[in-house]
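Inspection log for the structure reproduced underneath, given as structure tokens.
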Amino acid sequence: LARARAALESAWAEDERPALRARANRWTVVDAPFQLRLGRDGRWWPYREERGRWLPAGGPAQDPATALATAERACGE
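If you're matching positions, the sequence shown starts at 334 in our numbering and goes up one per residue.
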């Protein structure tokens, strides 16, 4: 998970990085319905929250910023 944290820190400029809350292999964007999950294959999977459930929001990406953008597009943001 140390490599995952490093990837998250380098994916955005410091002033553009979203606030993330970590739990196991999941990083949830604070005050937003988006989540990133790190798969066993090392790819980032975007999720979106809908009616209290986390649903896949698209395919995996090597880059966490790309995966988060996919989740945002899935929610129309």
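For every residue, glycine included, the Cβ atom is placed at its ideal position computed from N, Cα and C.
The structure presented is a predicted model; accordingly, all values stated were derived computationally and were not measured.
(message) Taking the alpha carbon of D374 as the reference point, which residue from Q395, R384 and A404 has its own alpha carbon closest?
(response) Position 41 of the sequence shown, counting from 1, holds the residue named residue 374. If we check each option's Cα against that of D374, Q395 comes out closest.
(message) By the three-class DSSP mapping on this structure, what secondary structure does R406 have?
(response) Numbered from its first residue, the sequence shown carries residue 406 at position 73. Three-state DSSP puts R406 in a helix.
(message) For L334, tell me which candidate among D364, A407, W377 and P393 has the shortest Cα-Cα distance.
(response) As a first step, residue 334 is located in the sequence shown; it is residue number 1 there, counting from the start. The shortest C-alpha separation from L334 is found at W377.
(message) Could you check whether V363 and L353 sit closer than 8 Å to each other, using their CB atoms as the reference points?
(response) Taking the sequence shown and counting its residues from 1, one reaches residue 353 at position 20. Taking the sequence shown and counting its residues from 1, one reaches residue 363 at position 30. Yes, these two residues count as a Cβ contact at 8 Å.
(request) Return helix, strand or coil for E382, following the three-state DSSP convention. (result) Translated into positions along the sequence shown, residue 382 becomes position 49. Here E382 sits in strand by DSSP.
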